Each structure stands twice: as C-alpha cells, then as structure tokens.
Amino acid sequence: MSNDNLSVISLVSIGEHPTSRRPRRAEQDARAIELGLKLVGNNLQTLHAGQVSDDPRQQTALRSYLGMGLAEINLLEMPEQADAILVLAEHLKQQNSDIILTGVRAESGESSGMLPYLLAEQLGMAMVTSVTDILSVDEVNKQAEVLQALPRGQRRKLKVDLPFVASVDMAAALPRQSAFGPAMRGQFEATLGGIFADQESPLWQTTDAKKRPKRLKIVKAKTAADRFKAATAKASGGGGKVVHGVEESAQAILDLLVEEGLV
Amino acid sequence: MSELFRRDPRAEWIARNRLHPLHQTLDSGPVFGPTGLLRKNPHIIGFIGPNGLKRIDRSGASNDTGQSTRRTAAAREVVLPLHQVAEPAFYIVVVLDLVSGRLNGHDKDTLGLAQQLANRNNGGGAVVAIAFGELKDDSLDKTGVDRLIHLDGQQYASYNPEQRCNDLQGIIAELVPQHILLPDSINGGGDLGRRLAAALELRPACGVWKLNDDTVICRGSAGKSDITRPLSKLLLVMEECCEPISETRHESILMPQQSSQFADGKLFDHGNISVDPNAIPLAEAGFILSGGNGINDWPQFHHTASVLGATEGASRVAVDDGNMPRERQVGATGTWVTAQVYIAVGISGAIQHMQGIAPCDKVVAINTDEGCDMVKRADLSAIGDSTEILTRLVELVEHRKQTINEGATNEQ
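The listed protein sequences correspond, in order, to chains A and B.
Residue numbers for the first sequence follow my numbering, so the first one is 1 and each next one is one higher.
Residue numbers for the second sequence follow my numbering, so the first one is 1001 and each next one is one higher.
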C-alpha cells in the first residue's frame, strides 16, 4: 500500500496499568500507532497533549511510543488538568490531516471516550468508532474502507469519506514491542498549546472504584413453597422439544438455525 | 388443566343432606354452635397420604378436600396495575439498543432508571422510548415505556449513526426532555450517545451505574475509579444501573414521528464480513458446536462446524482424550460461554458443563440417551446417533446454501 501523500496523525496519551496504576503505554493508543505505521510507515505523525513531566515513570511511558519506531512525538504543552480537546482541536485545525487515529477511551481521568467525537465535530470530519483495520484508502475519491469491531467477534465493513477520525479498538492488531534504544533516541518536539481550563471536573469527587453489588435474583413468590422451589430447582429449559429419527432431527435443527438466522 | 370451575352436584347434595354418611367430611362453611360461637372442626383439614398418615399442606399447592371448595384451582395470570401519565409534566427520553429487534437486559435497566427519574420529586414525567428499525418485542408496556417513538424504514436496517443522531436532535428539540438516557453499550448505544453529545454540545455522564438524588456515580479511568458528579442532561448508563420495571404496566402510546431529512452522511455500511469462526474467542462466540464423549468421528465433527460456520467447543472428556485442544473446553473448568445457539453433540451434561453454558439462549442436544441432563436443559433435543444426524444436517445445510445461491444467480 503506498499512501505517501496521506497525512495521518495518531494521538497518544499516557496509560495507566489496571492493577499497579503505574503509567504505561496506553494499549489502544499503541494499537492506533501500529495501524498508522502499517498505513503510512514513517510518515506517521504522533501528537500528545500534556507536559513532559519530571516524573521519570511518565517519561518512560511516553518514550515507549517512540520505541515503536517513531522518530519524534509532537508535544502540545498544556497544564495537567486543562481540557485537552480544545487544545488539540486548535492545533489540528492547522494541520489538514486526512486521518486522525485515537484510542476508544483513555485509561485515566474521566475516560468518557468523548475526545474523538468532539474532535470530529469541531473539525467537521467523519467519525468511526471501534476500528480494527483500515483496509484501503482511495485518495482520488477521498474514501477509505475500514473494518469495525462488533460484539461477538464480528466485523463490519464501512466506507468513510476522508478526512475522518477513527478510534481504534482493542480488537485491532497487537502493537509491536517497544525497543529501548529507539525509545531513548527519539525526540519530543514541544510547542505551547492554548490553555483551556476544565471548569466542571474539579468539582467532582473521585474515589477508587468500588465493587458493584451483584444483582440478586429476586423471587416474587407468594408462598413459602414457591420460594423454596425457586431456591432449590435445577436449571432446566422446561418443556424442550424432543425429536427422534435422523431425518426429523436434522430438519428440526436446521429449522432452529434458520429461525435464529445463522445459516 | 382446565381453568373452568366445575360444579359437583353430588358434593352439593351431600352438603345439604346432614344425614348422609359423608356429610361430616365435607367442609360446608362456618358452623355456629347453639351459643353462637364459631365451631371449627379440626379433623377435616388435610388429607390422608398414601402411607395412611394424615398430611396437611398449607401451601395450597395440592388439591386436597380442604381446598376443593376454592372456586379457581388454577393460578390466574396476574394483571399488573396500569401506570398512566395523561399529561406529562416533562419527558425522559430513552434510546433503545434493540439488538435484533428485541429489548435486552441493558435496555430494560435503562428504562428502569428512566422511570426512576420520571417519578422522583412528585413525578409526573413520561418516559419516551425511541426505537430505530425493526421492533419485534411485544412486551414494551411491561418494561416501563409510557410513550413510544418508532422510526422504521429501509435506512435503519443498516448502520447509520449519523442519520439516527440527526433524527434524535429533531426529537429532542421538539420534546425538550429533562434527561436523555442511552445504554453505554457496544451495540450502538455508546456510539450514538457520544455522537449526540458532540452534536448537542452537552457533556455526558458516561458509565453511570448509580443514581443518588441529584448526583450520579460513574465509572472512570477505564473502570478503575468512581466519579461522583451532578446529574447531567445526557446519561450513558451501564448495565444493572437500576432494577428493571416489573410491577407496573405502562401505556406505551405511539407518538407519530417522521424520520428527518439527512443526506450528508459520511459513513456507508457495506455489511458484515465473514469471519473465521474459530478465530473468535470462545467466550464471545455466538454460535458454538460442541463435541463430547459421544463423538466417534472427529473429522466429520470439524467438517460440520466449518459447514455450519460455528465455533468449535468441547466437553472436558473430549479435551482429556486429546480430541480437542484445552482452550476449546466449555464449562466451569474451561470457558464460560454466552452463545446465542449452543449445539451439544454427545455431551450428557455434567454439572460443570451446565454451569458453563448457563447464559446460552438456545441449547440443542444431540444424544443417544434421552434421560441425560443435557436433554433436560435443551430447547431442542435430537435423540439418535450423532454421526448420522450430523451427516444429514450437513447435507441439508449444503442443499439450502445451494438453493439460495441459485436463487441469487437467477435474480441477476
């Protein structure tokens, strides 16, 4: 695939390990970079909104994207609690990029998954969610063919007009490993982004996630005998159809499969 | 059992005739003694069991003589009270996912939360459910839908979030709802809700799992933290955020609505592509053909799975015998599956296996033993030799595919 004239920007964030909570390479963002590298190779641009912090762990997390073979990451410097969307939108308006790749949602903070949608809205681009692969890009007709992840491992093929924002799903191809040498050699190109404070979120209370109560099976039985029966009864289909004979059996199974729309 | 109440003229005659030898055994209403005291005969309750002992069943389940005077022995279907909202003070809009045209658990939970929002602070609100495309479910009134907007048409059969988002904007401008709720799901609700939020310039509360007065608790940081924040206008709610409606009926009055004019779509659906069924993880496969001890011809089993397009599974015995790899094992000791259709071939149904397939919708058993547990659980059981049945099934499916292909080529 030669897409030399294609401008692809991948947005990266600093992830957070689900158990240890250490900063790490965000899994979906890494998949987005993998997809971008497959699409345009070294022409992939990478953008991160935030600060190069003094925390070495944060730096390592950000550098692990460089270790995937990127020469540099563009940094849009902004305060930690500021609203990244407006900063990014302001920057991206000047870029005229064809494809913007993001993850589906962040691994820290609010992680509402709104960023790609808001960027698409502000830049007037199309938006595709849960992308697993970009099959082809037709630069003449300004269209791309993408695969979208659906529940139950299914895939849907979509055609989308360029330019577009795509959020990359966990079902996309696994990202390559991050190599230490390139990660250390890679550069950060810092530019100062605008400052847009997030008015609302500082007022929220954030705590560690509590385990959600398991929903109880509520038995609305009037009598003790019914409650007893509900508590002790074996799980059974109750009145399943039984067929004998090869021909009848095969036909009955086929009918069921047809009814469920599987064949 | 007939629900008709049948008179027993002989019992009535005995009840009238105090000299009849059986008169004492019949319960003939309250008996008052000469002083006006109510006399109860403690000997007439209960019945004599098969071993000659007296049995008293206070649950009323058995139809003994003491209970026989009840007019209707059969349980009547309970008619739930109707909740009516004649003139809604405000609206709560719920956009349903409707996977294959039916309400799923997530939709019902969302409707439950919507009813809670509509009825708090003296209530008066009406829940408007918006359904796109085909609607097969006929139990909408029992799930808390006061008003229904159904947009049906050719375009809603495929993935068209931009059109739907545009429709929703029109509806919301018209109704001015207090809250808009969508299931935060991968079945379209999460996508549509975020599109709507971006279009309406609203900040949504995503991953809401609890409502407390005027605040909501949301899952943040990809599930690692809980955020308590004020109730917002647009809510994307998680599963089990609220109990579904179960004790009232609702009107579900259809509000006529036309789909909006929208020709600016940038997304074009080209349909689902065929996926290698064995590449799908077993836990999320929708159609599983599972083999057990009763299978003699494994190559035929694999061939059947590929013809049907089913993901292969196995019972523990089949895995232990080396016929299938370990990652294909279904059950409590293997993978818990959630298939829409699960075909168990030659699996008798150990309890660990039954636990693993508990969430499956339709279970088909092919087995030689009619008395096994799998046949009791199955919705359809085929009793017979599995090799013969699978051979015939493959023939039928291939024949069906051929006729469909011929039909398609004839049309062109």
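Ideal placement from N, C-alpha and C gives every residue a C-beta, glycine not left out.
The structure displayed is predicted, hence computed values, not measured ones.
Below 7 Å CB to CB, which residues in the same chain sit around residue i once its five sequence neighbours on both sides are set aside?
{"i": "Gln58 (chain A)", "result": "Ile14 and Pro23"}
{"i": "Glu1239 (chain B)", "result": "Gly1105, His1106 and Asp1109"}
{"i": "Arg1055 (chain B)", "result": "Gly1046, Phe1047 and Gly1049"}
{"i": "Asp1191 (chain B)", "result": "Pro1161"}
Helix, strand or coil, according to DSSP, for residue i in the structure here?
{"i": "Phe1132 (chain B)", "result": "strand"}
{"i": "Arg1006 (chain B)", "result": "coil"}
{"i": "Val1319 (chain B)", "result": "helix"}
{"i": "Met1374 (chain B)", "result": "helix"}
{"i": "Gln1155 (chain B)", "result": "helix"}
{"i": "Gln1169 (chain B)", "result": "helix"}
{"i": "Ala1074 (chain B)", "result": "With a pLDDT of 48 at Ala1074 (chain B), under the threshold of 50, the predicted position of this residue should be treated as unreliable, and no value is reported."}
{"i": "Arg1055 (chain B)", "result": "strand"}
{"i": "Met127 (chain A)", "result": "strand"}
{"i": "Ile80 (chain A)", "result": "The amino acid at residue 80 (chain A) is misidentified as Ile; the sequence shows Glu. Glu80 (chain A): coil per DSSP, three-state reduction."}
{"i": "Ser38 (chain A)", "result": "Per the sequence shown, residue 38 (chain A) should be read as Lys rather than Ser. Three-state DSSP puts Lys38 (chain A) in a helix."}
{"i": "Asn1405 (chain B)", "result": "helix"}
{"i": "Glu72 (chain A)", "result": "strand"}
{"i": "Glu90 (chain A)", "result": "helix"}
{"i": "Pro1183 (chain B)", "result": "strand"}
{"i": "Pro23 (chain A)", "result": "strand"}
{"i": "Asp29 (chain A)", "result": "helix"}
{"i": "Asn1017 (chain B)", "result": "coil"}
{"i": "Trp204 (chain A)", "result": "coil"}
{"i": "His1043 (chain B)", "result": "coil"}
{"i": "Glu16 (chain A)", "result": "strand"}
{"i": "Asn1367 (chain B)", "result": "strand"}
{"i": "Leu147 (chain A)", "result": "strand"}
{"i": "Val1094 (chain B)", "result": "strand"}
{"i": "Gly1101 (chain B)", "result": "coil"}
{"i": "Arg1219 (chain B)", "result": "strand"}
{"i": "Lys159 (chain A)", "result": "strand"}
{"i": "Phe196 (chain A)", "result": "coil"}
{"i": "Gly1291 (chain B)", "result": "strand"}
{"i": "Leu1117 (chain B)", "result": "helix"}
Assuming residue i contacts residue j (C-beta within less than 8 Å), just tell me the rounded distance between them.
{"i": "Ala252 (chain A)", "j": "Ala1382 (chain B)", "result": "7 Å"}
{"i": "Ile73 (chain A)", "j": "Thr46 (chain A)", "result": "5 Å"}
{"i": "Val104 (chain A)", "j": "Gln28 (chain A)", "result": "6 Å"}
{"i": "Ser1290 (chain B)", "j": "Val1341 (chain B)", "result": "11 Å between Cβ atoms; not a contact."}
{"i": "Ile1171 (chain B)", "j": "Ile1149 (chain B)", "result": "6 Å"}
{"i": "Val1364 (chain B)", "j": "Ile1343 (chain B)", "result": "4 Å"}
{"i": "Val108 (chain A)", "j": "Glu16 (chain A)", "result": "A small fix is needed here, since residue 108 (chain A) is Ser in this sequence, not Val. At roughly 4 Å, the Cβ-Cβ gap stays under 8 Å, so Ser108 (chain A) and Glu16 (chain A) are in contact."}
{"i": "Cys1360 (chain B)", "j": "Ala1339 (chain B)", "result": "5 Å"}
{"i": "Phe196 (chain A)", "j": "Ala49 (chain A)", "result": "With 8 Å as the limit, Phe196 (chain A) and Ala49 (chain A) do not qualify as a contact, their Cβ atoms being about 11 Å apart."}
{"i": "Tyr65 (chain A)", "j": "Ile33 (chain A)", "result": "6 Å"}
{"i": "Gly261 (chain A)", "j": "Val1275 (chain B)", "result": "So it is not a contact: roughly 16 Å between Cβ atoms."}
{"i": "Pro1277 (chain B)", "j": "Ala1310 (chain B)", "result": "6 Å"}
Considering only residues of the same chain and omitting the five flanking positions on each side of residue i, which have a CB-CB separation below 6 Å?
{"i": "Leu37 (chain A)", "result": "Leu44"}
{"i": "Ser7 (chain A)", "result": "Ser97 and Asp98"}
{"i": "Val1394 (chain B)", "result": "Thr1304 and Val1307"}
{"i": "Val219 (chain A)", "result": "Arg227 and Ala230"}
{"i": "Leu1196 (chain B)", "result": "Cys1165 and Leu1168"}
Here's a check: name, in chain order, each residue in its chain whose Cβ is nearer than 8 Å to the Cβ of residue i, leaving out the five neighbours to either side.
{"i": "Gly194 (chain A)", "result": "Met78, Leu86, Val87 and Glu90"}
{"i": "Leu1175 (chain B)", "result": "Tyr1091, Val1093 and Val1128"}
{"i": "Ala71 (chain A)", "result": "Asn42, Gly186 and Gln187"}
{"i": "Ala1283 (chain B)", "result": "Thr1335, Trp1336, Val1337 and Thr1338"}
Answer yes or no: the CB of residue i versus the heavy atoms of the ligand SAM, is any distance below 7 Å?
{"i": "Asn3 (chain A)", "result": "Absence of the ligand SAM is noted for the structure shown, with no ligands found whatsoever."}
Interface positions of the region 1160–1173 of chain B facing chain A (Cβ-Cβ less than 7 Å), listed along the chain: For the region 1160–1173 of chain B, the set of positions with a beta-carbon nearer than 7 Å to some beta-carbon of chain A is empty.
For the pair the region 1129–1149 of chain B and the region 1263–1271 of chain B, tell me if three or more CB-CB distances fall below 8 Å. no
Check each residue of the region 1388–1409 of chain B: if its Cβ is closer than 9 Å to any Cβ of chain A, include it; give the result in chain order. Glu1388, Ile1389, Leu1390, Thr1391, Arg1392, Leu1393, Val1394, Glu1395, Leu1396, Val1397, Arg1400 and Lys1401
Should the region 1242–1249 of chain B be called in touch with the region 1290–1304 of chain B, which here means at least 3 C-beta pairs below 8 Å? With a cut-off of 8 Å on Cβ pairs, the region 1242–1249 of chain B is not in contact with the region 1290–1304 of chain B, counting fewer than three such pairs.
How about the region 200–219 of chain A and the region 1216–1233 of chain B: do they share at least three Cβ pairs that are nearer than 8 Å? yes
Could you check whether the region 1086–1100 of chain B touches the region 1181–1198 of chain B, counting it as contact only if at least three pairs of C-beta atoms, one from each stretch, sit closer than 8 Å? yes
Cβ-based contacts, 8 Å cut-off: residues of the region 1280–1309 of chain B near chain A: Ile1280, Pro1281, Glu1284, Ala1285, Gly1286, Phe1287, Leu1308 and Gly1309
Would you say the region 1112–1128 of chain B touches the region 1080–1094 of chain B, given that touching needs at least three Cβ pairs under 8 Å? The region 1112–1128 of chain B makes contact with the region 1080–1094 of chain B; the number of CB pairs closer than 8 Å reaches 3 or more.
For the region 1386–1394 of chain B and the region 244–251 of chain A, state whether three or more C-beta atom pairs, one from each stretch, are separated by less than 8 Å. yes
Below 7 Å between beta carbons is the criterion; list the residues of the region 1196–1223 of chain B that meet it against any residue of chain A, in chain order. Ala1197, Ala1198, Ala1199, Arg1203, Pro1204, Cys1206, Trp1209, Arg1219, Gly1220, Ser1221, Ala1222 and Gly1223
Can we say the region 110–122 of chain A touches the region 224–231 of chain A, given the rule of at least three CB pairs closer than 8 Å? no
What residues in the region 102–116 of chain A have a beta carbon less than 8 Å from any beta carbon of chain B? Arg105, Ala106, Glu107, Ser108, Gly109, Glu110, Ser111, Ser112, Gly113 and Met114
Quick one: which residues of the region 153–174 of chain A get their C-beta closer than 8 Å to a C-beta of chain B? List them in chain order. Gly153, Gln154, Arg155, Arg156, Lys157, Leu158, Lys159, Val160, Asp161 and Phe164
Closer than 8 Å, Cβ to any Cβ of chain A: which residues of the region 1317–1342 of chain B, in chain order? Gln1340 and Val1341
Using a beta-carbon distance cut-off of less than 9 Å, what residues from the region 240–254 of chain A approach chain B? Gly240, Lys241, Val242, Val243, His244, Gly245, Val246, Glu247, Glu248, Ser249, Ala250, Gln251, Ala252, Ile253 and Leu254
Touch check for the region 122–135 of chain A and the region 145–153 of chain A: three-plus C-beta pairs under 8 Å? yes
Taking only beta carbons into account, state which residues of the region 192–215 of chain A come closer than 7 Å to chain B, listed in chain order. For the region 192–215 of chain A, which is checked against every Cβ of chain B, the residues closer than 7 Å are Glu200, Trp204, Gln205, Thr206, Thr207, Asp208, Ala209, Lys210, Arg212 and Arg215.
To be precise: take each residue of the region 127–157 of chain A, compare its Cβ to all Cβ atoms of chain B, and keep it if any distance is under 9 Å. Which residues remain? Met127, Val128, Thr129, Ser130, Gln143, Glu145, Leu147, Gln148, Ala149, Leu150, Pro151, Arg152, Gly153, Gln154, Arg155, Arg156 and Lys157
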